[in-house]
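Read the structure below first, then the notes.
Number of protein chains: 2
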Amino acid sequence: MRVTADDVAEAAGVSRAMVSRAFTEGAPIAARKRAHVLAVAEKLGYRPNRIARGLTGSQTGLIALVVGSVSRPYEAWLLETLSREIRQARNWPLLLQVQPGDELDNALEDALAYQVDGAIVAAGSVSPALAERCRASGAPLVMVGRVMPEGDTDAVCCDNRLGLELLVEHLTARGHTRLAWIGGTPETFSNIERQDGLLQALDRRGMKLLAARQGDYSVDSGLAQALTLLTAPEKPDAILCGNDAMALGAIAAARRLGLSVPGDIAITGFDDIPAAAWEPYQLTTVRNPVVETARAALRLLKQRISGTGQLDSEAPTGMPHQTQVVRLAPELVQRQSA
Amino acid sequence: MRVTADDVAEAAGVSRAMVSRAFTEGAPIAARKRAHVLAVAEKLGYRPNRIARGLTGSQTGLIALVVGSVSRPYEAWLLETLSREIRQARNWPLLLQVQPGDELDNALEDALAYQVDGAIVAAGSVSPALAERCRASGAPLVMVGRVMPEGDTDAVCCDNRLGLELLVEHLTARGHTRLAWIGGTPETFSNIERQDGLLQALDRRGMKLLAARQGDYSVDSGLAQALTLLTAPEKPDAILCGNDAMALGAIAAARRLGLSVPGDIAITGFDDIPAAAWEPYQLTTVRNPVVETARAALRLLKQRISGTGQLDSEAPTGMPHQTQVVRLAPELVQRQSA
DNA sequence: ACATAGATTGCACACGCGTTCAATCGGAGG
DNA sequence: CCTCCGATTGAACGCGTGTGCAATCTATGT
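Which chain is which? The protein sequence lines are A and B, in order.
So for the first sequence, the numbering used here puts the first residue at 718; every next one is plus one.
So for the second sequence, the numbering used here puts the first residue at 718; every next one is plus one.
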């Protein structure tokens, strides 16, 4: 039923090995014969079985891609970019979408059973044990948007602290002094860094935070927390939010209270998701360099994959076997909300 | 380096066949021995190689999942739901994200080379030839959100015409008479059905459309087209949009012109994406039953996959080998924009 | 025409696992 | 204690492909 290399070999009057070589770039085969084999294969509708190929060769072309809930705009944007880069590298993404509560370890080990060439993890937290298993399975791991505290895993991550420095600079330069903060999910890597960056930026200026509240990176939580802040006895004159979604919620809250943005209250976000540019929001925020992030993540991964064949000797002939952490600088995007 | 079934067999003092059986549900093996083998496997960190398993068995557990650009909220929602259902069925989604201009055929054939058990296509258009190839490769195809005109491919699709009937009924019941339409990408299946449904609904009431314009399902296009409609000499009192994103743009346009929604102008969408419920919009729309859609798609696919082993005889012992098209009814979601 | 190096080709094995089939084991019945 | 049947087991084959190695072919140089 399914057409195999043997069928093509017979039809083309060559050995099966030649069929394999015809489809292998740079294999020793006469140009004329390759053309012939490919023509016959085309006529028979043959394509090499990637599963069988993955059994012998050490590459399956599969890459595990772990992202958070894509119904959140930032995650969707990230997924879109990463998936495009993966495809562009002639690989296929095996998608694993994790919800906040999900256990990542089991699922990722499932993916390892598919002999993925590597894994890009942009959500959930991997235990050091799992990271070790990935390495042992020959599947390099690259974290996106978080850096493992152990420091033994490659990662690409936005410079969150710089982002908040940019925002604080922008706000203070415009005379804002009573700053409030709506953080994201507490234990999150990005939230910790952003909050820390905010406090540092204020510290540097001898300022103190007026108030801080915690949301969960959702629009609704931004709305709720902003309502609380804006109805408190001591109102802030600017609210910095842990991400864009919460900032959008905060803008809605301000408007619901009849406050003008940025007249009465300045509001900023983080990420610069597409919706931040939408008409009714015009959010001032910092751009998370997602495209550059995805590109860097794939570069790191490819580097490790091609280096995999080499021995783990102490002098890997120039291969950077040391863990690499790429930090990309965000950029202020000035719109109407601050 | 990688631990195989042979390693486990040796360590457990059994033959390799027993290791395989220990991991195969319902295989003939003494319960006590299975426990022992599994324990040893666990200690060695062994997991069956799914790639090798896919070579002999006829199931790889892989399902090709084709969706459109997930930076669009509806597509993201759909992807999230489909991917969850696929994982729940203990399969893995091989993600293919297509941009509007992309050619689907080549990419899908790439996926076929991975011996996917099936494919769910929710974006792009597959040629009849490709559909045939899928069937020939033993990979059942299920379309989501579109129905092949040839009528020989399973599909799950929202009842678009009913959706517009509901919206028209809602608007006319509230006294709106001058209805305008902002359609989505013209050649799109959903757009054709929705527009047709609108015209039919009006026809049934002896009404005519005041004006019609075409966007591309994006927020920006909704904004632009609504601006045109609302500044025309003969203003509509209601604008129906081909999807929610354009409706959000249309609301922004109305506000930019100082019009109140729904006071001066009613605006409706289609899909009920999460953003439709956001504070500043409160969009009246119809709910596209995405969860039910995903569930039905997987049910259809699983049904075909399990039927694959059977011969294509004329009496497939009750297997519904005829193509199935599931139509799911949308539901009016009444908020503040109409 | 002949020798020879280099370009091609075919054979056979390996990849890791599921599964058939014959062989073996265990225990119940006599 | 022997026989017989069913529950287990192990050996071997096949899945579709990549690739090392030795054999063959081609063309070049003399």
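C-beta: ideal position from N, C-alpha, C; glycine also.
Neighbour-count burial assignment, residue i, 16 or more Cβ in a 10 Å radius
{"i": "Ala969 of chain A", "result": "buried"}
{"i": "Gln805 of chain B", "result": "exposed"}
{"i": "Glu802 of chain A", "result": "buried"}
{"i": "Gln912 of chain A", "result": "buried"}
{"i": "Pro745 of chain B", "result": "exposed"}
{"i": "Gln1039 of chain B", "result": "exposed"}
{"i": "Glu820 of chain B", "result": "exposed"}
{"i": "Gly901 of chain B", "result": "buried"}
{"i": "Thr948 of chain A", "result": "exposed"}
{"i": "Gly868 of chain B", "result": "exposed"}
CB contact below 9 angstroms: residue i versus chain B
{"i": "Glu1065 of chain A", "result": "The first residue shown for chain A is 718 and the last is 1055, placing residue 1065 of chain A beyond what the model contains."}
{"i": "Tyr934 of chain A", "result": "no"}
{"i": "Val1050 of chain A", "result": "no"}
{"i": "Arg852 of chain A", "result": "no"}
{"i": "Arg972 of chain A", "result": "yes"}
{"i": "Gly986 of chain A", "result": "no"}
{"i": "Trp898 of chain A", "result": "no"}
{"i": "Ile968 of chain A", "result": "yes"}
{"i": "Ser737 of chain A", "result": "no"}
{"i": "Thr1002 of chain A", "result": "no"}
{"i": "Pro790 of chain A", "result": "yes"}
{"i": "Thr741 of chain A", "result": "no"}
{"i": "Thr1067 of chain A", "result": "This structure leaves residue 1067 of chain A out entirely; chain A is present only between 718 and 1055."}
{"i": "Gly771 of chain A", "result": "yes"}
{"i": "Leu976 of chain A", "result": "no"}
{"i": "Ala793 of chain A", "result": "yes"}
{"i": "Pro745 of chain A", "result": "no"}
{"i": "Ser938 of chain A", "result": "no"}
{"i": "Thr777 of chain A", "result": "yes"}
{"i": "Pro810 of chain A", "result": "yes"}
Pair within 9 angstroms by beta-carbon distance, residue i and residue j
{"i": "His887 of chain B", "j": "Ala1055 of chain B", "result": "yes"}
{"i": "Leu812 of chain A", "j": "Leu782 of chain A", "result": "yes"}
{"i": "Val843 of chain A", "j": "Asp827 of chain A", "result": "no"}
{"i": "Gly835 of chain B", "j": "Arg1021 of chain B", "result": "yes"}
{"i": "Ala964 of chain A", "j": "Thr1002 of chain A", "result": "yes"}
{"i": "Ala943 of chain A", "j": "Gly966 of chain A", "result": "yes"}
{"i": "Arg895 of chain B", "j": "Leu927 of chain B", "result": "yes"}
{"i": "Ala840 of chain B", "j": "Val757 of chain B", "result": "no"}
{"i": "Ala918 of chain A", "j": "Leu940 of chain A", "result": "no"}
{"i": "Glu996 of chain B", "j": "Arg973 of chain A", "result": "yes"}
{"i": "Val873 of chain B", "j": "Gly855 of chain B", "result": "no"}
{"i": "Val731 of chain A", "j": "Lys750 of chain A", "result": "yes"}
{"i": "Leu795 of chain B", "j": "Ala1011 of chain B", "result": "yes"}
Cutoff 9 angstroms: residue i Cβ touching any chain A Cβ
{"i": "Leu947 of chain B", "result": "no"}
{"i": "Asn960 of chain B", "result": "no"}
{"i": "Asn766 of chain B", "result": "yes"}
{"i": "Gln814 of chain B", "result": "yes"}
{"i": "Asp827 of chain B", "result": "yes"}
{"i": "Glu797 of chain B", "result": "yes"}
{"i": "Val787 of chain B", "result": "yes"}
{"i": "Leu670 of chain B", "result": "Outside the modelled stretch of chain B, which goes from 718 to 1055, sits residue 670 of chain B, for which no answer is possible."}
{"i": "Gln832 of chain B", "result": "yes"}
{"i": "Ala824 of chain B", "result": "yes"}
{"i": "Thr894 of chain B", "result": "no"}
{"i": "Arg930 of chain B", "result": "no"}
{"i": "Ser1054 of chain B", "result": "no"}
{"i": "Pro991 of chain B", "result": "yes"}
{"i": "Leu663 of chain B", "result": "The requested residue 663 of chain B does not occur in the structure, where chain B is confined to residues 718 to 1055."}
Proximity winner among the options, relative to residue i (alpha-carbon distances)
{"i": "Ile899 of chain B", "options": "B:Pro953, B:Gly868, B:Val787 and B:Arg921", "result": "B:Pro953"}
{"i": "Val864 of chain A", "options": "A:Cys875, A:Asp937 and A:Ser854", "result": "A:Cys875"}
{"i": "Asp988 of chain A", "options": "A:Ala722, A:Leu1045 and A:Ala897", "result": "A:Leu1045"}
{"i": "Arg770 of chain B", "options": "A:Gly778, A:Gln942, A:Gly730 and A:Gln832", "result": "A:Gln832"}
{"i": "Ser800 of chain A", "options": "A:Ser938, A:Ala1014, A:Gln1041 and A:Pro903", "result": "A:Ala1014"}
{"i": "Gly778 of chain A", "options": "A:Trp794, A:Leu829, A:Ser786 and A:Tyr763", "result": "A:Leu829"}
{"i": "Asn1065 of chain A", "options": "A:Val736, A:His893, A:Arg749 and A:Tyr791", "result": "A question about residue 1065 of chain A goes unanswered here, because the residues of chain A that appear run from 718 up to 1055."}
{"i": "Arg850 of chain B", "options": "B:Thr870, B:Glu1048, B:Gln814 and B:Gly862", "result": "B:Thr870"}
{"i": "His753 of chain A", "options": "A:Lys1019, A:Gly1024, A:Ala853 and A:Ala726", "result": "A:Ala726"}
{"i": "Val1050 of chain A", "options": "A:Leu881, A:Glu797 and A:Ile780", "result": "A:Leu881"}
{"i": "Ile837 of chain B", "options": "B:Leu1000, B:Glu1048 and B:Lys1019", "result": "B:Lys1019"}
{"i": "Ala962 of chain A", "options": "A:Ile956, A:Val936 and A:Leu947", "result": "A:Val936"}
{"i": "Thr889 of chain B", "options": "B:Asp920, B:Asn877 and B:Pro903", "result": "B:Asp920"}
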